[in-house]
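> Under the numbering used here, the first residue of the sequence shown is numbered 373, with each subsequent residue one higher. Here a beta-carbon is modelled for each residue, glycine too, at the ideal position from N, C-alpha and C.
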Amino acid sequence: MRRHRAQVETFIAPEDDERLTAPPKERGFLVAAEVRSARPLLRAQESLDELALLAKTAGIQVVGRAVQHLQRIDPATYIGSGKVREVQELVAQLAADVVIFDDELSPNHQRELEKCFGETVKVIDRSALILDIFAQHARTREGALQVELAQYEYRLPRLTRQWTHLARQAGGSSGRSGNGGVGLRGPGETQLESDRREIKRRIAKLKQEIEAVRAHRGRHRAQRARQGIPTIALVGYTNAGKSTLLNALTGANVYVADQLFATLDPTTRRLTLNSGKQVLISDTVGFIQKLPTTLIAAFRATLEEVSEADMIIHVVDAAHPQAAAQIEAVEDTLAEIDVPRLPRILALNKIDKLPNGVPPLRGADRYAAIVPISAQSGEGLPLLISEIERVLRESMLEIELLVPYQRGDLLALIREQGVLDSAQPTAKGMHIRAHVPPRLAALLAEDKI
Numbered sequence: 373m374r375r376h377r378a379q380v381e382t383f384i385a386p387e388d389d390e391r392l393t394a395p396p397k398e399r400g401f402l403v404a405a406e407v408r409s410a411r412p413l414l415r416a417q418e419s420l421d422e423l424a425l426l427a428k429t430a431g432i433q434v435v436g437r438a439v440q441h442l443q444r445i446d447p448a449t450y451i452g453s454g455k456v457r458e459v460q461e462l463v464a465q466l467a468a469d470v471v472i473f474d475d476e477l478s479p480n481h482q483r484e485l486e487k488c489f490g491e492t493v494k495v496i497d498r499s500a501l502i503l504d505i506f507a508q509h510a511r512t513r514e515g516a517l518q519v520e521l522a523q524y525e526y527r528l529p530r531l532t533r534q535w536t537h538l539a540r541q542a543g544g545s546s547g548r549s550g551n552g553g554v555g556l557r558g559p560g561e562t563q564l565e566s567d568r569r570e571i572k573r574r575i576a577k578l579k580q581e582i583e584a585v586r587a588h589r590g591r592h593r594a595q596r597a598r599q600g601i602p603t604i605a606l607v608g609y610t611n612a613g614k615s616t617l618l619n620a621l622t623g624a625n626v627y628v629a630d631q632l633f634a635t636l637d638p639t640t641r642r643l644t645l646n647s648g649k650q651v652l653i654s655d656t657v658g659f660i661q662k663l664p665t666t667l668i669a670a671f672r673a674t675l676e677e678v679s680e681a682d683m684i685i686h687v688v689d690a691a692h693p694q695a696a697a698q699i700e701a702v703e704d705t706l707a708e709i710d711v712p713r714l715p716r717i718l719a720l721n722k723i724d725k726l727p728n729g730v731p732p733l734r735g736a737d738r739y740a741a742i743v744p745i746s747a748q749s750g751e752g753l754p755l756l757i758s759e760i761e762r763v764l765r766e767s768m769l770e771i772e773l774l775v776p777y778q779r780g781d782l783l784a785l786i787r788e789q790g791v792l793d794s795a796q797p798t799a800k801g802m803h804i805r806a807h808v809p810p811r812l813a814a815l816l817a818e819d820k821i
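#1: Take Gly750 and list the residues in its own chain whose beta-carbon comes closer than 7 Å to its own, dropping the five residues that flank it on each side.
#2: Which same chain residues end up closer than 6 Å to Thr603 when comparing Cβ atoms and leaving out the 5 residues on each side of it in sequence?
#3: I need the DSSP call for Pro602, collapsed to helix, strand or coil.
#4: In chain order, what residues of the same chain lie with their CB nearer than 8 Å to the CB of Arg408, ignoring the 5 residues before and after it?
#5: Straight-line CA distance for Val332 to Ile717?
#6: Between Val519 and Gln508, what straight-line distance do the alpha-carbon atoms span, to the nearest angstrom?
#7: Kindly provide the ranges of any alpha helix (DSSP H) runs that are 4 or more residues long and lie completely inside the stretch 387-447, ordered along the chain.
#8: For the beta strand (DSSP E) containing Val493, list its first residue and its last residue.
#9: What's the gap between the Cα of Tyr450 and the Cα of Glu491?
#10: Skipping 5 residues on each side, what residues in its chain have a beta carbon closer than 6 Å to that of Ser654?
#11: What would DSSP say about Arg805, mapped onto helix, strand or coil?
#12: For Ala690, count neighbouring C-beta atoms within 10 Å of its own C-beta (all shown protein chains included) and say buried if the count is 16 or more, exposed if not.
#13: Specify the secondary structure class of Pro731 as computed by DSSP and reduced to three states.
#14: If you compare alpha carbons, which of Gln796, Glu703, Pro797 is closest to Ile685?
#15: Is it the case that the stretch 419-429 contacts the stretch 460-469, given that we only count it when at least three CB pairs across the two stretches are under 8 Å?
#16: Considering only the alpha carbon of each residue, which of Val470, Ala669, Lys487, Ile745 lies closest to Asp724?
#17: How about Ala510 and Ala516: are their beta carbons less than 8 Å apart?
#18: Any idea which residues DSSP pairs Ile771 with across the strands?
#19: How far does the alpha helix (DSSP H) with Thr666 in it reach, from first residue to last?
#20: Roughly how many angstroms lie between the CA atoms of His807 and Val585, to the nearest whole one?
#21: Which residue wins for smallest C-alpha separation from Met831, given the options Ala612, Leu812, Leu485, Ala405?
#22: For Ala438 and Ala404, I'd like the C-alpha separation in whole angstroms.
#23: Does Ser453 pass the burial test, meaning 16 or more other C-beta atoms within 10 Å, or should it be called exposed?
#24: With burial defined as no fewer than 16 other Cβ atoms inside 10 Å of the residue's Cβ, what is the status of Asp475: buried or exposed?
#25: I'd like the span of the alpha helix (DSSP H) that includes Ile709, first residue to last.
#26: Who are the Cβ neighbours of Leu501 in its own chain at under 7 Å, not counting the five residues just before and after it?
#27: Measure the C-alpha to C-alpha separation of Gln698 and Gly658 and round it to an integer number of angstroms.
#28: Where Val470 and Val495 are concerned, what is the direct C-alpha to C-alpha distance, given to the nearest angstrom?
#29: Using the beta-carbon count (16 or more within 10 Å), is Gln433 buried or exposed?
#30: What residue range is occupied by the uninterrupted beta strand (DSSP E) comprising Ala719?
#31: When you compare only the Cα positions, how much space is there between Leu773 and Glu766?
#32: Mind checking whether Leu667 and Leu503 have CB atoms under 8 Å apart?
#33: Which partner residues does Asp655 have in the DSSP bridge list?
So, in structure tokens, the structure goes:
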């Protein structure tokens with residue numbers, strides 16, 4: 373049988389990258405496999421560009437990269453034994469100490485590649501790298517719990533002698549190794565079975581704690597719903613400018629940095645619209661293509677803030693060359709976490725970096741409005757606020773209700789959050805017609821206020 377000969381493409385990056393904001397702690401070599409039959413959102417080199425930014429965020433200096441074009445993934449070494457030998461030579465030549473694969477490796481691939489590269493070179497994948505970045509950036513107990521759960525669930529099927537012994541704890545800064553690199557390996561071969569039992573026990577405990585967090589969040593959402601204040605979730609690809617937009621709209625003081633996953637923990641602030649009505653805007657964790665499934669599952673409690681919102685503002689870096697692919701990645705993730713078809717506004721951010729204006733986008737019909745903005749300069753923000761109010765108003769439901777005279781608070785709430793169309797006095801109270809947000813309409817119908 374004739375064997376297909378794989379094409380090989382290799383690029384060696386400059387060793388000195390002046391853009392690094394801190395001295396590199398590790399030297400990384402990136403590897404991607406491009407399967408001819410696949411239709412990924414990003415081509416291999418574009419995806420490696422993103423992986424290089426992830427590596428930089430984790431404190432790793434990228435010294436080289438390689439792309440393997442092939443018909444199918446190799447069942448043993450992922451990229452084939454010949455390509456592995458070539459990467460080994462380049463890793464030695466460039467003095468790299470970590471090889472980072474652009475896709476999530478199966479446990480079998482992980483173990484085989486670790487054997488090939490030996491003890492002196494670490495082998496990790498995109499998922500491990502993202503988990504490490506999340507561990508660095510989690511600031512709250514909730515974020516730390518979710519990251520720790522994702523790390524343990526990722527590690528459990530991959531336990532080998534390089535991965536065992538829980539001296540290398542997950543979560544927070546302890547998720548990194550002692551030399552400051554990606555902390556996903558550790559000593560000890562005899563600890564394998566006891567570590568498996570300990571990880572399973574820890575996973576069960578973390579799930580209990582996260583379920584308590586979820587219940588706590590649910591109570592807060594129910595309290596907000598009783599007040600009838602509409603909630604808006606900011607979503608978007610990582611580094612699209614969600615936190616900058618939240619700061620610009622509400623005067624919040626959320627940490628902002630030009631790096632991937634600068635903020636993980638959700639922040640909610642009030643925004644007063646032109647009519648005087650108030651809404652709540654929540655910033656959420658940024659998305660990225662190939663987001664680890666364990667991470668999506670662990671952050672489900674946080675991402676429920678999106679599902680329970682009245683509206684979504686999808687923030688896009690319009691100046692990014694892969695803006696269209698990033699939009700699709702975010703929409704795919706929203707579908708994965710079962711977000712209902714809420715009204716959506718597409719905020720095309722960073723238009724101040726577009727000298728020729730905003731290019732046309734496909735799939736624009738799924739958005740109630742598309743607003744070009746610059747969260748940095750403030751351009752377009754008045755229009756965005758007007759569109760928020762318009763879309764909320766158009767999503768309101770018409771109600772007809774008899775409000776007892778002693779429930780003046782209900783009448784005030786309807787005026788505050790909706791539009792009072794008419795109010796006629798009767799013997800038993802005020803007979804009103806109004807348009808109110810769907811959540812308030814449901815609460816009034818169930819008499820839960």
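Once the coordinates are examined:
#1: Ala620
#2: Leu652, Ala681, Asp682
#3: coil
#4: His441, Leu442, Gln443
#5: Outside the shown range of the chain (373 to 821) lies residue 332, about which nothing can therefore be said.
#6: 10 Å
#7: 416-429
#8: From DSSP, Val493 is part of no beta strand (DSSP E); its letter is neither H nor E.
#9: 19 Å
#10: Ala605, Pro638, Thr640, Glu677
#11: strand
#12: buried
#13: coil
#14: Glu703
#15: no
#16: Ile745
#17: yes
#18: Ala806
#19: 665-670
#20: 34 Å
#21: Nothing in the structure corresponds to residue 831, since the chain is present only between 373 and 821.
#22: 6 Å
#23: exposed
#24: buried
#25: Element bounds for Ile709: n/a, residue is neither H nor E.
#26: Leu426, Ala427, Ala430, Ile472, Val554
#27: 11 Å
#28: 6 Å
#29: buried
#30: 716-721
#31: 20 Å
#32: yes
#33: Leu606, Thr639
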